[in-house]
Structures are given as C-alpha cells and as structure tokens.
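Counting with this note's numbering, you get residues 466 to 600 for the letters of the sequence shown.
From the three backbone atoms N, C-alpha and C, an ideal C-beta is built for every residue, glycine too.
Note that the coordinates shown come from a computational prediction; the quantities given were computed from them, not determined experimentally.
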Amino acid sequence: MRFRRRFEWERGQKGIDITPLVDVIFQLLIFFLLTSSFVVTQAGIKVNLPKAVTSEALQEETVVIVINKNDVVFLNEKVVTVKELGNFLENLPKKKAILLKADKKSSLGKIVEIWDLCREKGIEKLNIATIQEEK
Numbered sequence: 466m467r468f469r470r471r472f473e474w475e476r477g478q479k480g481i482d483i484t485p486l487v488d489v490i491f492q493l494l495i496f497f498l499l500t501s502s503f504v505v506t507q508a509g510i511k512v513n514l515p516k517a518v519t520s521e522a523l524q525e526e527t528v529v530i531v532i533n534k535n536d537v538v539f540l541n542e543k544v545v546t547v548k549e550l551g552n553f554l555e556n557l558p559k560k561k562a563i564l565l566k567a568d569k570k571s572s573l574g575k576i577v578e579i580w581d582l583c584r585e586k587g588i589e590k591l592n593i594a595t596i597q598e599e600k
C-alpha cells in the first residue's frame, strides 16, 4: 500500500512550473533590447570635435573621413593614405556628401590637404563636423 501511495504522489507531480522564469527572461530581453537601442555609439576613432554656434545636422547619408589628433586619416574606420583616399574619392559620385571629422588638435595643414583633395576630385558637398555650442 505504501508503495502505491508514493507512486500516485509522484505521478501527480509533473515537474517544475517554469512559466514565471519565462516571464522574467522575456522581460529582461525586452529591457535590454530597449536600452541598447538608446545607446548610440559612433565610429571607434576618438576625435574631439571643435564647437560651433552655427552648426546644423546633416539629413542625407554621407561618407565620413576622420582625421585624429596625430593627423592620421581614416576612411570607414580604416587607416588610409592621402593617395588611397584620392582613389576612393575619384570613384565616388560627385553629388555624394562628405563629412570631415577633424580633431580640434589636428593640424590645419592636414585638414586643408584633405579639403583640397576632395575639391580636386570634384566633390560638391563637403562638410566639417562640429559640436553645437550651448548658448
């Protein structure tokens, strides 16, 4: 008899209810998806942009050229020489917008060199990235 009662009791227990666990995991998933969408990071190249009062946001898709404080030129987060950049710009549509992100400690000579290269290759829309100064 004892054996039969124990067997009936074990048969009644089907397992652990994991519904609350699934609910918690689902809520954590939603939380991380929502919070990660608010964390926007840009390219991995550290650049301190100069501040400007008259800066405007660009609305169209642009090609980003970065010059860091050591005057190293980056295109799509890859180090490029001026010659390689010139070859890239030659194959680029002339109406494509270029955004030049130059560190405020980079030399003016390097910025002018890249600016002239873009103009030489016929780029019509050339912009310099700045941080909008608080009023």
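- The beta carbon of V538 is closer than 8 Å to those of I530, V531, I532, V544, V545, T546, V547, L550, K575 and I579 in its chain, skipping five residues each way along the sequence.
- Between the C-alpha atoms of N541 and V528 there is a straight-line separation of about 8 Å.
- Of the residues assessed, I563 falls on the buried side of the cut-off, its CB having 16 or more other CB atoms within 10 angstroms.
- Across the set I481, K586, P485 and T500, the C-alpha of K586 shows the shortest separation from the C-alpha of N556.
- Ranked by Cα distance from N552, the options Q492, I588 and N592 are led by I588.
- Measuring C-alpha to C-alpha distances from N592 to each of V577, L493, L565 and L582 identifies L565 as the nearest.
- With fewer than 16 other CB atoms across the displayed protein chains lying within 10 angstroms of its CB, D482 is exposed.
- Rounded to whole angstroms, the separation of the alpha carbons of D536 and D568 is 9 Å.
- In the assembly as shown, S571 is a buried residue. Its beta-carbon has 16 or more other beta-carbons within 10 Å.
- The criterion of a C-beta distance shorter than 8 Å is not satisfied by L573 and L554.
- Boundaries of the alpha helix (DSSP H) around N552: V547 to E555.
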